[in-house]
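For reference, each letter of the sequence shown is one residue, going 2 to 217 in my numbering.
Each residue gets a CB set at the ideal place from its N, CA and C atoms; glycine is no exception.
These figures come from a predicted structure and were not determined experimentally.
Here's the structure, in structure tokens; my notes come after.
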Amino acid sequence: MPSEPISVKHRIFLVSQGIFQFLLAIFVTSTVWIVAINRNWNELHTWHIFLSTTGFSFFMAEAVAVFSPGNVFVLGFSKKTRGFIHGVLMTFATIAVIAGISVKIQDKINNSRSHFTSTHGITGLVAFLLTMLSFLLGFLAAFSKLTYRLGIKPVWIKHFHNFLGIAAYVLGSISLGYGLRQYFSHVTYNTNTGFIVILGIYGILNLIGPICDFFK
């Protein structure tokens, strides 16, 4: 029995997700490796870099990608299963982000430095707050009966959750870009720029599915 032809739209999703997964693997592996060999793991700032990078650029990125039609890792999975995987990944992302910001705050206190004054710090703080709100709304969206009791339509909870999640991911990536630009200032300009370009490209590719779904 002949298989159904793949639509152009689905091909775009498949290609974009394939490139996204490839670039994500390069970015996360390279960043963690550079941090691992160049930083002192007894320093709180090292843990801030590691936790924030894995939280935003890996766990949150993969959580966003779960619902993409082109994600081959979850093809054939039911919507409920995808929702569960998304929730687990977002839980890890939220824990990593909370821990990453917490250790940085403690590092600032230990060194008597001001908090959230740079572009990196401000965008990171806003991304953190949006992440927490999105996580809360995602929890409510998973329990539609509870939202009905609160007099709120689940569809609105889902829309706000998606919007805040996209905003948190975008701002988190921007904050990460500023942070890595500062951290990699000791390496060559091409290397520094290359990491940020890769982060930007795979972030845009990963948002194709969620943005299309949001405006559906």
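Rounded to whole angstroms, the Cβ separation of ALA143 and GLY88 is 7 Å, and the two are in contact under 8 Å. Rounded to the nearest angstrom, the Cβ distance from ASN72 to ALA64 is 11 Å, too far for a contact under 8 Å. No Cβ-Cβ contact shorter than 8 Å links SER69 with VAL29. Here the alpha carbons of PRO155 and LEU25 stand approximately 32 Å from one another. Of the residues SER53, SER17, VAL16 and GLY19, the one whose Cα lies closest to the Cα of THR32 is SER53. ASN207 sits buried, since 16 or more C-beta atoms from the chains shown fall within 10 Å of its C-beta.
Judged by beta-carbon spacing, GLY173 lies within the 8 Å limit of ALA128, meaning their Cβ atoms are closer than that value. Short of 7 Å from the beta carbon of LYS159, and not among the five residues preceding or following it, lie these beta carbons of its own chain, in chain order: ALA142.
In this structure ASN112 is exposed. Its beta-carbon is surrounded by fewer than 16 other beta-carbon atoms within 10 angstroms.
In terms of Cβ geometry, LEU126 and PHE136 do not form a close pair [threshold 8 Å]. In the three-state reduction of the DSSP assignment, HIS116 falls in the coil class, being assigned neither a helical nor a strand state. Sequence-distant partners of HIS162 (beyond 5 residues in either direction) whose C-beta falls short of 7 Å from its own C-beta, in its chain, are SER135, LEU138, GLY139 and ALA142. It is roughly 32 Å from the alpha-carbon of VAL171 to the alpha-carbon of ARG150. For the 8 Å CB-CB criterion, SER79 and HIS121 do not form a contact. Taking the Cα of HIS49 as reference, the smallest distance to any Cα among ILE202, VAL9, ILE102 and LYS109 is reached at ILE102.
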